[in-house]
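Notes for the one structure printed next.
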């Protein structure tokens, strides 16, 4: 509003549908009046401006300004006024606004724009949706006089403010008295459309496509019954028709069976009846009527679930009572061996549990089941009882459910297929209230379990698991093992609050599991011990699972990184920082306990210092904490490694220097005779090597540069056989006297080992550097192979390597002791590319080499054929190279007319 004629303002007001009136008012009258009544609340100011929109004269505006609501009730009076204005609009606008607000205020979850538009487009007694009937969302916003907004980013239409929600929670019944009847009629009409008579989707692609094309279907299938139950007398006929339509019931049931966040094979329901669905939504009148019509209460669907299962899954206590009176077996189990009590405990669909009354209903349903003889300790196919399922769900009513189950002697020590007790699940969900109940009931806070491997099978058409037991004497297990305790699990997943909780209540920080790990070992490793990766597995005599709950990432603090939306932004940095802080806090909580023993070693003789992840950002802090707690830096594991070896391998130069300053020796060797300097060199940790050599006052490290081990290998041998090599590491070793011409026990020099190894990168630069600094180019192996022969056994031969070898005197036409030339070796290695073949054609007697036979009488072409026909794993790198080598050799032979006969 302005006292001047400004075309731009006029245009904007006209676009908003405002009438333009010339008001001879004092400048600022309107602004002052609104400011005085809104007390800085922008939304209230907006509502006041909206209320002036249809004033037709200056006097009426003045009068309206005088009557603007003020004080604590200003919002509610403004909303009352807004609703009165909505009712005062022309009939079609008013009806549209009431419908829109009915949906938004009564929806059981936020509605997307298209969902709302489709809901508004459904007409009574229609058999299909007419797309021409979809209302414009801008019109919908306009007729609602500022009470709703559309968020493009989330694609959700919602109320404008939380106070708007509060207002309608108190007053919806007066403004929308027929809301439940209206919504249930719309949803049932939609579900009854002819297009939904087809069979349920057979796969996820088809399922998602159907929901995308029919965007209201998901909401309709999931929630129609909640509205129909309340408005049943008014919607009895349409409800009854739908529940007796088998095809449409099956289609809608599939949506109810799909759980958010759960993947796997899509469930295709068969045998689902109207009785199952009526029981699920608690429409008691229909349950009674369907039973009277002969629908059997004992009839199960294709998943083995009766109407009782369906009723309990949705917490329908009164329907449960009704069905139990019909004599249903309260302990009947479905395909997963779950009884109705299991579903009462598991609390499926937790997102719907919003109010205490609903929570209480689910517990009452469980009470009803138990009072009719339900077995509190019955287990499903995952060997879970009701306590497991309640602890997993950890919903608002979980404590009430736990108390109820414990009062019926439910067993909290049972271990399921995931190797978890109910206590461990409570730790995973961080539920101290549930743990308190378990401890009050006598649970041992140090109750340990042993991870077992369970095999999957099918028994009588039902999924089942059986425990794989170890036969014979098991070696290697820690004799005084407690097992994996709740504290082990908290430390494993990085849950510091739970770690502190357990320690404060007497959890033993020194408890050892089957392999001797304490919670501190697990916290430092950030995972549970994996015997599958150990070379001593046969000695241990037991097999551990690699896919149970202890390895499931959903429990781990690192799982929070899966929710990062921008890996380059501040959000990612904050989450990663949180993860590291939480992991460090767990370690500090354990180490700070007076009773902690930081020198306990597991079956591989690894102490906590051996288990530190030395390449992590907080490793120096962790090592400092361990040293203050008395950690032994001289302890060796079963490989003879000290903490210094492992720190050097990780390139933790600061920690390595700290160890050396505290008395560790760089010359200390492991069982293979390797020092910590060997570890740093092999891992290409240049900075660590440089620091160690720089602080080497006793020249011990420098002597290591000159020495060879028991196998005759020096530091360059070890560096050039590693996965990664660098010129700077080679240079510093050469500078300190390491020899390039030393030959090990196998007759190899550093360069020959380098050319023998598998390399992803280009070998030219390092090869040239070694040759230029004195490597023996004329070296030959014990069987007469030259460096050029070795180079041909790579997945790719660099022309630069071949040129460098030739320039330093290597005879490319030489044969080994078996009579094989360079083309023979290239055929075996699959490295004869067109470029390499052209190089040989220009730099050696090529035609002669093609025709040459080795001592077995084979030509390069014959070796190429054998190699190309050899069966190999699909995992072999560049597996097609032997085929290309055969093609290139064959072309050359045909072109030259030589070597064609075997």
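Numbering (UniProt numbering), first residue to last: 1 to 902.
Even glycine gets a Cβ: it sits at the ideal position worked out from N, Cα and C.
It should be emphasised that the depicted structure is a prediction, and the values quoted were computed from it without experimental measurement.
Candidates the options: closest to residue i by CA position
| i | options | result |
| --- | --- | --- |
| residue 344 | 324, 795, 311, 335 | 311 |
| residue 697 | 666, 111, 650, 713 | 666 |
| residue 780 | 805, 428, 796 | 805 |
| residue 132 | 124, 120, 138, 609 | 120 |
| residue 224 | 604, 213, 240 | 240 |
| residue 334 | 848, 306, 317, 293 | 306 |
| residue 197 | 620, 178, 217, 456 | 217 |
| residue 257 | 301, 294, 227, 883 | 301 |
| residue 547 | 516, 765, 419, 689 | 419 |
| residue 285 | 298, 229, 259, 244 | 229 |
| residue 76 | 170, 659, 126, 288 | 170 |
| residue 889 | 831, 842, 872 | 831 |
| residue 185 | 232, 172, 148 | 232 |
| residue 685 | 714, 649, 660 | 649 |
| residue 109 | 226, 145, 630, 671 | 226 |
| residue 165 | 178, 177, 149, 153 | 149 |
| residue 631 | 671, 600, 689, 485 | 600 |
| residue 881 | 163, 803, 794 | 794 |
| residue 424 | 454, 403, 408, 393 | 393 |
| residue 906 | 435, 426, 454, 431 | No answer is possible for residue 906: it lies beyond the span of the chain, which begins at 1 and ends at 902. |
Alpha-carbon to alpha-carbon, residue j and residue i
| i | j | result |
| --- | --- | --- |
| residue 860 | residue 893 | 10 Å |
| residue 401 | residue 386 | 9 Å |
| residue 489 | residue 580 | 18 Å |
| residue 865 | residue 791 | 21 Å |
| residue 518 | residue 693 | 36 Å |
| residue 494 | residue 480 | 25 Å |
| residue 596 | residue 584 | 16 Å |
| residue 410 | residue 283 | 32 Å |
| residue 614 | residue 653 | 10 Å |
| residue 915 | residue 322 | Nothing about residue 915 can be reported from this structure: the residues present for the chain run from 1 to 902 only. |
| residue 122 | residue 139 | 17 Å |
| residue 683 | residue 723 | 8 Å |
| residue 246 | residue 208 | 22 Å |
| residue 428 | residue 340 | 25 Å |
| residue 762 | residue 202 | 50 Å |
| residue 917 | residue 278 | This structure gives no information on residue 917, because the portion of the chain shown stretches from 1 to 902. |
| residue 875 | residue 550 | 29 Å |
| residue 674 | residue 389 | 52 Å |
| residue 470 | residue 384 | Confidence at residue 470 is low in this model, with a pLDDT of 48, below 50, so its placement is unreliable and the value that follows should be read with caution. Distance between the alpha carbons of residue 470 and residue 384: 23 Å. |
| residue 485 | residue 672 | 36 Å |
| residue 313 | residue 422 | 20 Å |
| residue 491 | residue 210 | 44 Å |
| residue 907 | residue 855 | Residue 907 lies beyond the range of the chain shown here (1 to 902); nothing can be said about it. |
| residue 338 | residue 304 | 9 Å |
Beta-carbon spacing of residue i, residue j below 8 Å
| i | j | result |
| --- | --- | --- |
| residue 336 | residue 265 | no |
| residue 415 | residue 449 | yes |
| residue 669 | residue 625 | no |
| residue 678 | residue 643 | no |
| residue 868 | residue 822 | no |
| residue 786 | residue 810 | yes |
| residue 729 | residue 797 | no |
| residue 193 | residue 129 | yes |
| residue 783 | residue 748 | no |
| residue 482 | residue 512 | yes |
| residue 913 | residue 765 | The structure shown has nothing for residue 913, since the chain only spans 1 to 902. |
| residue 467 | residue 456 | no |
| residue 558 | residue 496 | no |
Whole-angstrom C-beta distance between residue j and residue i, which should lie under 8 Å
| i | j | result |
| --- | --- | --- |
| residue 590 | residue 499 | 7 Å |
| residue 716 | residue 738 | 5 Å |
| residue 112 | residue 80 | Actually they are not in contact, since the Cβ atoms of residue 112 and residue 80 sit about 29 Å apart, beyond 8 Å. |
| residue 143 | residue 96 | 5 Å |
| residue 732 | residue 689 | 6 Å |
| residue 775 | residue 740 | 5 Å |
Beta carbon proximity, residue i to chain B, threshold 8 Å
| i | result |
| --- | --- |
| residue 227 | This model lacks chain B altogether; it includes just one protein chain. |
### Message
With three or more C-beta pairs closer than 8 Å as the rule, is the stretch 434-447 touching the stretch 565-582?
### Response
At 8 Å Cβ cutoff, the stretches do not touch.
### Message
Could you check whether the stretch 245-255 touches the stretch 266-273, counting it as contact only if at least three pairs of C-beta atoms, one from each stretch, sit closer than 8 Å?
### Response
Two segments are said to touch when three or more pairs of C-beta atoms, one from each, lie closer than 8 Å; by this definition the stretch 245-255 touches the stretch 266-273.
### Message
Can you confirm whether the stretch 157-172 touches the stretch 93-107 when touching is taken to mean that 3 or more C-beta pairs between the two stretches lie within less than 8 Å?
### Response
Taking 8 Å as the limit for Cβ pairs, the verdict is that the stretch 157-172 does touch the stretch 93-107.
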